[in-house]
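>
Numbering (mature numbering (1 follows the signal peptide of the UniProt record, and there is no 0)), first residue to last: -19 to -1, 1 to 122.
1. Please state whether DSSP places residue 54 in a helix, a strand or coil.
2. What is the DSSP secondary structure of residue 129, counted as helix, strand or coil?
3. How is residue 68 classed by DSSP in three states: helix, strand or coil?
4. Considering only residues of the same chain and omitting the five flanking positions on each side of residue 53, which have a CB-CB separation below 6 angstroms?
5. When the Cα atoms are used, what is the spatial distance from residue 36 to residue 29?
6. So what does DSSP say about residue 49, is it helix, strand or coil?
7. Apart from the five residues just before and just after residue 72, which ones in its own chain have a Cβ nearer than 7 angstroms to its Cβ?
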């Protein structure tokens, strides 16, 4: 989910460039651009801020009316934020740091996937070849 939100942020930032007439970049080019963006500290901070903001919206949900039956320490007016703040007074800072770390990891995973691309393509081709007889048998009946 974090990667999807980051990708959405990057797509929104790239909209003016898409308006120009130019050949469609390859999937590899797009993936390389995504990896570069996810490894950019400014993008990492922006994505973490966006995720923190989105989480804040959810954390403002009042859950006390139902949650108090599960946990009597929860008040009727309590929000998810109130509950989490009691458990960890620094949770908002920790969430932001964790979100930023997740974006960093997404960048590294994207780089790793690019490095594995040739091997993955070869594996996919071998799997297609191995499954071709089965596919043929299933389509003839």
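Note that beta-carbon positions come from the ideal geometry of N, C-alpha and C, so glycine has one too.
It should be emphasised that the depicted structure is a prediction, and the values quoted were computed from it without experimental measurement.
From the atom records:
1. As a position in the chain shown, residue 54 is number 73, starting the count at 1. Residue state, collapsed to three classes: coil.
2. This structure cannot speak to residue 129, because the chain is shown only from -19 to 122.
3. What you label residue 68 is simply residue 87 of the chain shown in a count that begins at 1. Helix.
4. Against the chain shown, residue 53 aligns to sequence position 72. Excluding its 5 nearest sequence neighbours in each direction, residue 53 has no C-beta neighbour in its own chain below 6 angstroms.
5. Counting from 1 along the chain shown, the entry for residue 36 is found at position 55. Counting from 1 along the chain shown, the entry for residue 29 is found at position 48. Distance between residue 36 and residue 29, taken at the CA atoms: about 10 angstroms.
6. Sequence index remark: in the chain shown, residue 49 carries index 68 (1-based). Note: residue 49 maps to coil in three-state DSSP.
7. Locating residue 72 in the chain shown gives position 91, counting from the first residue. Excluding the 5 residues flanking it on each side, residue 72 has same chain C-beta neighbours closer than 7 angstroms at 65, 66, in chain order.
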